[in-house]
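**Q**
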Amino acid sequence: MFSISPVQPMNFGRQIIYVKRDDLLHPDFSGNKARKFYHFLHHDYSHVTQLVASGSAQANSLYSMSVLANQQGWTFNYYVSHISDFLLQNPQGNYAAAIQNGANIIDIGNLAYAENLAGMHLNDAMNYIVSSDPIYADKKHLLYIPEGGRCQYAETGIEQLAAEIIQWAQEQQKNKLMVFLPSGTGTTAAYLNKQLIQQLAQLSIVDVFTIEVITCSTVGGDEYLRQQFSELVDEIYYPKIINDGHKYHFGKLSRRCFDMWEKVCQSGIEFELLYDPVGFLVLQHYLNENANSATEILYIHQGGVLGNNTMLPRYQRKFSRIVQT
Ligand SMILES: *Cc1c(COP(=O)(O)O)cnc(C)c1O
1146 MFSISPVQPM NFGRQIIYVK RDDLLHPDFS GNKARKFYHF LHHDYSHVTQ
1196 LVASGSAQAN SLYSMSVLAN QQGWTFNYYV SHISDFLLQN PQGNYAAAIQ
1246 NGANIIDIGN LAYAENLAGM HLNDAMNYIV SSDPIYADKK HLLYIPEGGR
1296 CQYAETGIEQ LAAEIIQWAQ EQQKNKLMVF LPSGTGTTAA YLNKQLIQQL
1346 AQLSIVDVFT IEVITCSTVG GDEYLRQQFS ELVDEIYYPK IINDGHKYHF
1396 GKLSRRCFDM WEKVCQSGIE FELLYDPVGF LVLQHYLNEN ANSATEILYI
1446 HQGGVLGNNT MLPRYQRKFS RIVQT
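To convert a position in the sequence shown, counted from 1, into the numbering used here, add 1145.
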C-alpha cells in the first residue's frame, strides 16, 4: 500500500544530514501516522463500525484517523478537552479536513455528563466515556485508539520503517548511523529502536552496523517521555533522549522555533511547525557538542505539513512584522 519513502541529503549547519521523507508516504496518512495506522489498513477490521479517539483539535492524528474512518465506512467520534473560539469560527487545517471527512469532534465540556469528567486528564475522561456512555455499549464493533496512536498496533508499520532504514544503511554503507526524530508520545521512537535492535540481530549484522535512535521531547520533558516508553517497551529498547536545556511547551509559538523552521525549509523540503523546529534545535545543539563524531545523521521527516495551514497563520498573527510569505 505504501511504497518505500525516499531519503534525501540536506545541508544542516556545516554538515550534510539525510532526511527520510516519510512525509511523502501518502497524501492522507502523512508520515508518522501512516506508519502508526498501517496496521488497520492491513488487517481485517470489517467487524468495526465505530472509531473513537481523542486528542487536540489540531492534531495530525485527527486528520489521519478521519481518513481511515471515512475509507472504512466507520463513524468517528473524536473527543477534545478544548477547542479555541478562533478555530470554531475559522475551521482550517487538520480540524477542517477531518470535519469534511465526517469526523464528529466533541468538546467533553459539552457532554451531558461533563461534570463527571471535571478535572480529569483527557485519557482518563476517555476511559470513563468509552466504558460508561451507552453509545459505546456495543464493544464488539468499537475501535478505540488512545491519544496519538499510542498503542501496540503502531508497531506493525514501524517495523516496516526499521526495515527500510536498515536496507538504506546497507546500500549506502552507512555503518555508523544516528536516526533522529522528535517525539510526542514517544511511540514511534520506542518501537523504531526496538525494531532496529531486533532486526539487526536477526540479520546478524550487529557487528557491522551501529544504528542508534536518538529523540527529544516536545511535550512534558525527558522524564515524561521516559515514562511513556515504559508503557510500550522494555528498558533495553529505550531510545536515547537528548535536550538543549530549553523546556518546550507543545504548540507554543517562539521565535527560536520559527527561525529554525525557516532555516530548514530553505533546503526546499517543507517541514512542519510543531515537532520539527524543536527537533532541529535540539539536534543542532547536539551536533555542536559532538562536532567531531563520525556518525551520520538520518532525520525522519514525520509529515504533518497539513497542520502548517493553521500554525503558519498563528505565527503570522503573533509575529506579523517578520513573517511575510
Ligand atoms: C504524531 C507526530 C509526531 C509524534 O509521534 P510520537 O510517536 O507520538 O512520538 C511527530 N511528528 C509528527 C509530524 C507527528 O504527526
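Every residue gets a Cβ at the ideal spot worked out from N, C-alpha and C, and that includes glycine.
CB Arg-1166 to CB His-1394, shorter than 7 Å?
**A** No, the Cβ-Cβ distance between Arg-1166 and His-1394 is not below 7 Å.
**Q** Per DSSP, which one or two residues make a beta bridge with Tyr-1223?
**A** Ala-1198 and Ile-1250
**Q** Heavy atom of ligand 1 less than 6 Å from the Cβ of Tyr-1420, yes or no?
**A** yes
**Q** Are Leu-1377 and Ile-1356 closer than 7 Å when you measure CB to CB?
**A** no
**Q** Would the beta-carbon of Thr-1330 be found less than 6 Å away from any heavy atom of ligand 1?
**A** yes
**Q** Could you please give me the residues that DSSP links to Glu-1357 through a beta bridge?
**A** Met-1323
**Q** Return the chain-ordered list of same chain residues with a C-beta closer than 7 Å to the C-beta of Gly-1158, the five sequence neighbours on each side being excluded.
**A** Gln-1429 and Leu-1432
**Q** Who are the near neighbours of Ala-1335 in its chain, counting only those whose CB is closer than 8 Å to its CB and skipping five residues on each side?
**A** Gln-1373, Phe-1374, Leu-1377, Val-1378, Tyr-1382, Tyr-1383 and Pro-1384
**Q** Check Tyr-1190 in the structure and name its three-state DSSP category.
**A** coil
**Q** In the DSSP assignment, what residue or residues form a beta bridge with Leu-1288?
**A** Leu-1196
**Q** Answer with buried or exposed for Ile-1386, where buried requires no fewer than 16 other C-beta atoms within 10 angstroms of its C-beta.
**A** buried
**Q** Could you tell me which of Gly-1218, Val-1351, Asn-1156 and Ser-1211 sits nearest to Ala-1202, measuring between CA atoms?
**A** Ser-1211
**Q** Indicate the three-state DSSP secondary structure (helix, strand or coil) for Lys-1165 in the structure shown.
**A** Correct three-state label for Lys-1165: strand.
**Q** Quick one: Cα of Gly-1452 to Cα of Glu-1415, how far?
**A** Near 12 Å, if we compare the C-alpha coordinates of Glu-1415 and Gly-1452.
**Q** Could you have a look at Phe-1464 and say whether DSSP puts it in helix, strand or coil?
**A** Here DSSP, grouped into helix, strand and coil, assigns Phe-1464 to coil.
**Q** Hey, Thr-1363 and Tyr-1289 are a contact pair by Cβ (cut 8 Å); roughly how many whole angstroms apart?
**A** Not really, about 25 Å apart at Cβ, beyond 8 Å.
**Q** Ligand 1 and Thr-1333: does the residue's C-beta get closer than 6 Å to at least one heavy atom of that ligand?
**A** yes
**Q** Would you kindly report the start and end of the unbroken beta strand (DSSP E) that includes Gln-1373?
**A** Unbroken run through Gln-1373 is the alpha helix (DSSP H), 1366 to 1375; no beta strand (DSSP E).
**Q** Taking only the alpha-carbon atoms, compute the straight-line gap between Glu-1112 and Ser-1209 and give it to the nearest angstrom.
**A** Since the first residue shown for the chain is 1146 and the last is 1470, residue 1112 is missing from the structure and cannot be characterised.
**Q** Of the residues Ile-1162, Leu-1170 and Arg-1462, which one's Cα is nearest the Cα of Leu-1306?
**A** Leu-1170
**Q** Taking its Cβ as the centre, do 16 or more other Cβ atoms sit within 10 Å of Gly-1247, making it buried, or is it exposed?
**A** exposed
**Q** What are the boundary residues of the beta strand (DSSP E) that Tyr-1444 is part of?
**A** 1441 to 1446
**Q** Three-state secondary structure (DSSP) at Lys-1385?
**A** strand
**Q** Buried or exposed: which applies to Lys-1178, given that a residue is buried once 16 or more other Cβ atoms fall within 10 Å of its Cβ?
**A** Flag for Lys-1178 reads buried.
**Q** Going by other Cβ atoms of all chains shown within 10 Å of its Cβ, with 16 needed for buried, is Leu-1418 buried or exposed?
**A** buried
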